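Sequential numbering of the sequence shown, starting at 0, is according to numbering that gives the first Met the number 0. For reference, the structure discussed in these notes is given below.
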Amino acid sequence: MTLGDWKHNEGLAARDLSCQRSGVTVFSNLSFAVAPGELLRLQGPNGAGKSSLLRLLAGLLPLAAGTLTYTGANVSDDWSAFQEKLHYTGHLDPVKPALTVAENLTFWVQLAGASPDDIRPALKQLGIAGIADIPARFLSAGQRRRLSLARLAAIARPVWLLDEPTVALDQDAIGRFAELTADHLARGGIAIAATHTELGLAHTRILDFTELGSPCAASF
């Protein structure tokens, strides 16, 4: 498990972002900045645009308008380079049922070009080291989510984009995820998460889509 250190990065900045899906404006004129060591929590009802923002930031939806920069560079100039610096977790856990827990994490680590030599610390951090040799098809929803989140611990990347990361997690797992996120922020990483779960972390700010309206216009 390789640890990163991104305290000297300039962070992520969005200016006048607009997103459209099927010709409908989801949000517009959205501006914000996330500095190294900060967590930005996205709150609001379903359909407000939280997931769309995360997918846009991950390069999975087109940017209709606006500018996104990371460490001072325009992300639009090289999306693939930016994607190599981020983790994106969606609603579905990309777990392969035929593989064991350890084999799933090894697959993801190798796919990212990282070393699979020792994935045990990541499994231990999420509390699933004891089921490392169990085929994933036997996992509960909470265990699948823990396995998906183990990628964050096993592969060091400075930007985390997390869509409802605590879904199906019990209190123990939520606590482990909060500790993992705190470690990430302490090393200068940034996280943007759509969640209503209070993680109790310092340097947390809220972007409330309820207050923004639809389409939304916000700056902070």
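For each residue, glycine too, the CB sits at the ideal point set by N, CA and C. All values derive from a computational prediction rather than experimental measurement.
Should residue i and residue j be called a contact, given that it needs their Cβ atoms to be closer than 9 Å?
| i | j | result |
| --- | --- | --- |
| ALA192 | TRP159 | yes |
| ILE205 | LEU62 | no |
| PRO157 | GLY188 | yes |
| ASN103 | ALA135 | yes |
| ARG144 | ASP182 | no |
| LYS6 | GLY36 | yes |
| LEU122 | ARG175 | no |
| VAL108 | ARG150 | yes |
| LEU161 | ALA190 | yes |
| LEU179 | ALA152 | yes |
| THR209 | ALA47 | yes |
| GLY58 | GLN82 | yes |
| ALA201 | GLY3 | no |
| PRO115 | THR105 | yes |
| GLY141 | ALA177 | no |
With H, G and I counted as helix, E and B as strand and the rest as coil, what does DSSP make of residue i?
| i | result |
| --- | --- |
| GLY174 | helix |
| VAL166 | coil |
| HIS183 | helix |
| GLY12 | Looking at the sequence shown, residue 12 is not Gly but Ala. Residue state, collapsed to three classes: strand. |
| PRO93 | coil |
| LEU200 | coil |
| PRO44 | coil |
| PRO120 | helix |
| SER213 | Interpretation of SER213 is limited by its pLDDT of 44, a score under 50 that renders its predicted location unreliable; the figure taken from the coordinates is listed afterwards. Coil at SER213, not helix or strand. |
| SER17 | strand |
What does DSSP give as the partner residues of residue i in its beta bridges?
| i | result |
| --- | --- |
| ASN73 | THR68 |
| LEU125 | None; LEU125 has no bridge partner. |
| LEU160 | TYR87, ILE191 |
| PRO134 | THR99 |
| LEU39 | ILE191, ARG204 |
Between which two residues does the beta strand (DSSP E) carrying residue i extend?
| i | result |
| --- | --- |
| THR203 | 203-207 |
| ARG54 | Counting along the chain, ARG54 falls outside any beta strand (DSSP E), though it belongs to the alpha helix (DSSP H) covering 49-56. |
| SER30 | 23-33 |
Please report the residue range of the alpha helix (DSSP H) in which residue i lies.
| i | result |
| --- | --- |
| ASN103 | 100-110 |
| ALA140 | 140-153 |
| SER79 | 78-82 |
Decide yes or no for the touch test of the segment 85-97 against the segment 169-184: beta carbon pairs closer than 8 Å, at least 3 of them. no
Does the segment 63-82 come into contact with the segment 14-25, if we say contact requires no fewer than three beta-carbon pairs (one atom in each stretch) closer than 8 Å? yes
Does the segment 47-63 touch the segment 23-37, meaning 3 or more C-beta pairs lie closer than 8 Å? yes
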